[in-house]
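Report on the structure given below.
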Amino acid sequence: MNRVEANDWMVIIALLNSYVFMALDIIEAVSGMGVHIKDIPPSILERQMKAFWLTIPFYNAAVLCAKASILMQYFRVFPTHRMRVVCWVMITFLAIYGTWAVISAFLNCIPVAKFWDDTIPGYCLNKTKLWFSNASMHISTDIAILVIPIPALMAVDLPRKQKLALMVMFALGGFVCITSIVRLVSLKTISDSTDPTYDNVGAASWSAIECNTGIICACLPTLKPLIARIFPGMVSTFNASRPTRGDTTQRNSDWNGDASTLGAPGEEHEYGAGDPERVLALVPNTSFRSSLKRWTREEEKKLAQIHSVPGPRPKRMTHPRPLPTDTAVPF
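In terms of the UniProt record's numbering, the sequence shown opens at residue 1 and continues consecutively.
Dropping the structure here:
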């Protein structure tokens, strides 16, 4: 597609937040992260703790935007009413929870300076409970995003090598879940620490890994040229079995039999064309089982003849015309 979609904007926002997050991580590293707090001069320590305070909201924003981008891509892969409802519920939840996560990270302490200077009078939220609740929500949403497409993927017919490529893609998503869990363990160390500059290395490292791996997952459909350069044999094998124009029309059937989402070849759905190849670009030749009647090559030829007749252009058909009752269905 030649236009920037909503999911593209979300992953761009995630990437920008990740850049800020990584820059703050670097500031932490050069300001004493990994060094015992007693060995850091007060002026350097304050700079380090300020950077630490800022990393949390930018981390949350980057991770949540990457998840929203992945959910929006599901609209194209599985353009069904059921999938839209599930994804919109998840996106709404992420928006509400994400607003809380970012605001609570900025306003962890009132006044905010109390975060890096405990001598200032004020009030702070319980860091252990806040960080653990946020980390638990990240793990839960990671698992949910990984599980949501499984029922649809169960209906996909693919050769063994293409299934392997699909497994690799989802294994990377599973790795994000693992990094979230490992990060949760590292948060226990920093939340109970009396030496935060020394004990924050693990949490900062795993946060960076989780954040950027999530963005990579959201960008996987655009990485096919890179995969082709690194593994040319695998991609050429996939392309060798690429379907013809007539075969690609079968992709318009959907896995749950929802006729409201079935359209004519090339018809666009919400958030773009309802073509699985746009998102599952590493796995061409994908088709979905369905009990619905599919477009046939003969029907496409009839439509082409209608459109070629001079005169007023007829209204575009979005479904095949009903067949006579005495006509056999060719499948």
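Note that beta-carbon positions come from the ideal geometry of N, C-alpha and C, so glycine has one too.
Discussion item. Going by DSSP in three states, residue 110 sits in which element: helix, strand or coil?
Written reply: The count along the sequence shown starts at 1 and reaches residue 110 at position 110. Note: residue 110 maps to strand in three-state DSSP.
Worksheet item: Can you give the Cα-Cα distance for residue 169 and residue 219, rounded to whole angstroms?
Response: For the purposes of this step, residue 169 is taken as residue 169 along the sequence shown, with counting starting at 1. For the purposes of this step, residue 219 is taken as residue 219 along the sequence shown, with counting starting at 1. Cα to Cα, the separation comes out at about 11 Å.
Worksheet item: What span of residues does the alpha helix (DSSP H) with residue 127 cover, start to end?
Response: For this step, residue 127 is matched to residue 127 along the sequence shown. 127-147 is the span of the alpha helix (DSSP H), which, as asked, contains residue 127.
Worksheet item: So does the stretch 108-115 actually touch the stretch 132-140, counting three or more Cβ pairs closer than 8 Å?
Response: no
Item to complete: Spell out the partners DSSP gives residue 217 in its beta bridges.
Response: Here residue 217 corresponds to residue number 217 of the sequence shown, with the count starting at 1. Beta-bridge partners assigned by DSSP to residue 217: none are found.
Discussion item. Along the chain, where does the alpha helix (DSSP H) containing residue 20 start, and where does it finish?
Written reply: The residue labelled residue 20 in the question sits at position 20 within the sequence shown. 6-30 is the span of the alpha helix (DSSP H), which, as asked, contains residue 20.
Worksheet item: How long is the line joining the alpha carbons of residue 149 and residue 128, rounded to whole angstroms?
Response: Locating residue 149 in the sequence shown gives position 149, counting from the first residue. Locating residue 128 in the sequence shown gives position 128, counting from the first residue. Cα to Cα, the separation comes out at about 33 Å.
Practice prompt. Sort 213, 71, 94 by Cα distance to residue 180 and report the nearest one.
Written response: Along the sequence shown, read from residue 1 onward, the residue named residue 180 stands at position 180. Of 213, 71, 94, the residue nearest in Cα terms is 213.
Discussion item. For residue 195, which residues in the same chain have their Cβ closer than 7 Å to its Cβ, ignoring the five residues on either side in sequence?
Written reply: Residue mapping note: residue 195 aligns to position 195 of the sequence shown, counting from 1. Counting only Cβ-Cβ distances below 7 Å, and skipping sequence neighbours, we find 36, 37.
Worksheet item: Buried or exposed: where does residue 333 fall if 16 or more other Cβ atoms within 10 Å of its Cβ makes it buried?
Response: Nothing about residue 333 can be read from this structure; the chain reaches only from 1 to 331.
Worksheet entry | Neighbour-count burial assignment, residue 241, 16 or more Cβ in a 10 Å radius | The sequence position of residue 241 within the sequence shown is 241, counting from 1. Note that residue 241 scores a pLDDT of 45, beneath 50, so its modelled location is shaky; the value from the coordinates is reported in the next line. When all chains shown are included, residue 241 counts as exposed.
Practice prompt. Check the C-beta distance from residue 40 over to residue 197 and give it rounded, since I have them as a contact under 8 Å.
Written response: Here the question's residue 40 lines up with position 40 in the sequence shown. Here the question's residue 197 lines up with position 197 in the sequence shown. Confirmed, about 6 Å.
Fill in: Stretch pair the stretch 19-29 + the stretch 68-85: three plus CB contacts closer than 8 Å
no
Item to complete: Locate the alpha helix (DSSP H) running through residue 200, then write down its first and last residues.
Response: Within the sequence shown, residue 200 is the residue found at index 200, counting from 1. For residue 200, there is no enclosing alpha helix (DSSP H), since its DSSP letter is neither H nor E.
Practice prompt. Provide the residue span of the alpha helix (DSSP H) that contains residue 58, from first to last.
Written response: Here residue 58 refers to the residue found at position 58 when the sequence shown is read from its first residue. Residue 58 -> alpha helix (DSSP H) spans 42-77.
Discussion item. Going by DSSP in three states, residue 39 sits in which element: helix, strand or coil?
Written reply: Mapped onto the sequence shown, residue 39 falls at position 39. It is helical.
Item to complete: Throw me the rounded Cβ distance for the residue 90 and residue 71 pair, which I believe falls under 8 Å.
Response: Indexing the sequence shown from 1 puts residue 90 at position 90. Indexing the sequence shown from 1 puts residue 71 at position 71. So it is a contact: roughly 5 Å between Cβ atoms.
Worksheet item: Just the Cα atoms here: how many angstroms apart are residue 4 and residue 11?
Response: Taking the sequence shown and counting its residues from 1, one reaches residue 4 at position 4. Taking the sequence shown and counting its residues from 1, one reaches residue 11 at position 11. Approximately 11 Å between the Cα atoms of the pair.
Discussion item. Here's the rule: buried if 16 or more other CB atoms are within 10 angstroms of the residue's CB, otherwise exposed. What is residue 171?
Written reply: As a working note, residue 171 is residue 171 in the sequence shown. The residue in question, residue 171, is exposed, as its Cβ has fewer than 16 Cβ neighbours within 10 Å.
Worksheet item: How close, in whole Å, do the beta carbons of residue 203 and residue 183 come, if the pair is a contact with beta carbons under 8 Å?
Response: For this step, residue 203 is matched to residue 203 along the sequence shown. For this step, residue 183 is matched to residue 183 along the sequence shown. The pair is a contact, with the Cβ atoms about 6 Å apart (cut-off 8 Å).
Worksheet entry | Beta carbon of residue 215 nearer than 8 Å to that of residue 18 | By 1-based counting over the sequence shown, the position of residue 215 is 215. By 1-based counting over the sequence shown, the position of residue 18 is 18. Result yes, Cβ atoms of residue 215 and residue 18 sit closer than 8 Å.
Practice prompt. Could you work out which residue in 74, 79, 131, 117 is closest to residue 144 when comparing CA atoms only?
Written response: As a first step, residue 144 must be located in the sequence shown, where it is residue number 144. Checking every option, the nearest Cα to that of residue 144 belongs to 74.
Fill in: C-alpha gap between residue 135 and residue 66, whole angstroms
Against the sequence shown, residue 135 aligns to sequence position 135. Against the sequence shown, residue 66 aligns to sequence position 66. Rounded to the nearest angstrom, the two C-alpha atoms are 16 Å apart.
Item to complete: Sort 114, 98, 62 by Cα distance to residue 217 and report the nearest one.
Response: The residue labelled residue 217 in the question sits at position 217 within the sequence shown. Ranking the options by Cα distance to residue 217, first place goes to 62.
Worksheet item: For the putative contact between residue 200 and residue 21, defined by C-beta atoms under 8 Å, what is the C-beta separation to the nearest angstrom?
Response: What you label residue 200 is simply residue 200 of the sequence shown in a count that begins at 1. What you label residue 21 is simply residue 21 of the sequence shown in a count that begins at 1. 14 Å between Cβ atoms; not a contact.
Item to complete: Please look up how many angstroms separate the CB atoms of residue 116 and residue 46, rounded, as I've assumed it's under 8 Å.
Response: Numbered from its first residue, the sequence shown carries residue 116 at position 116. Numbered from its first residue, the sequence shown carries residue 46 at position 46. About 6 Å separates the two Cβ atoms, so the contact holds.
Discussion item. At the level of alpha carbons, what is the spacing between residue 33 and residue 205?
Written reply: Numbered from its first residue, the sequence shown carries residue 33 at position 33. Numbered from its first residue, the sequence shown carries residue 205 at position 205. Taking the straight line from one Cα to the other gives about 11 Å.
Worksheet item: What residues in its chain sit with their C-beta under 6 Å from that of residue 186, if we drop five residues either side in the sequence?
Response: In the sequence shown, the residue the question calls residue 186 occupies position 186. So the list reads 202, 203, 206, once near-sequence residues are dropped.
Worksheet item: Taking the C-alpha atoms as reference points, what is the distance between residue 192 and residue 131?
Response: If you number the sequence shown from 1, residue 192 lands on position 192. If you number the sequence shown from 1, residue 131 lands on position 131. Their backbone Cα atoms lie some 12 Å apart in a straight line.
Worksheet item: Rounded to the nearest angstrom, how far is the Cβ of residue 173 from that of residue 146, given a contact under 8 Å?
Response: Within the sequence shown, the letter at position 173 stands for residue 173. Within the sequence shown, the letter at position 146 stands for residue 146. Residue 173 to residue 146, Cβ: 5 Å. Contact.
Worksheet item: To the nearest angstrom, how far is it from the Cα of residue 208 to the Cα of residue 59?
Response: Your numbering for residue 208 matches position 208 in the sequence shown. Your numbering for residue 59 matches position 59 in the sequence shown. Going by the C-alpha atoms only, they are around 8 Å apart.
Worksheet item: Do you know offhand how far residue 113's Cα is from residue 23's?
Response: For the purposes of this step, residue 113 is taken as the residue at position 113 of the sequence shown. For the purposes of this step, residue 23 is taken as the residue at position 23 of the sequence shown. Between residue 113 and residue 23, the C-alpha separation is close to 21 Å.
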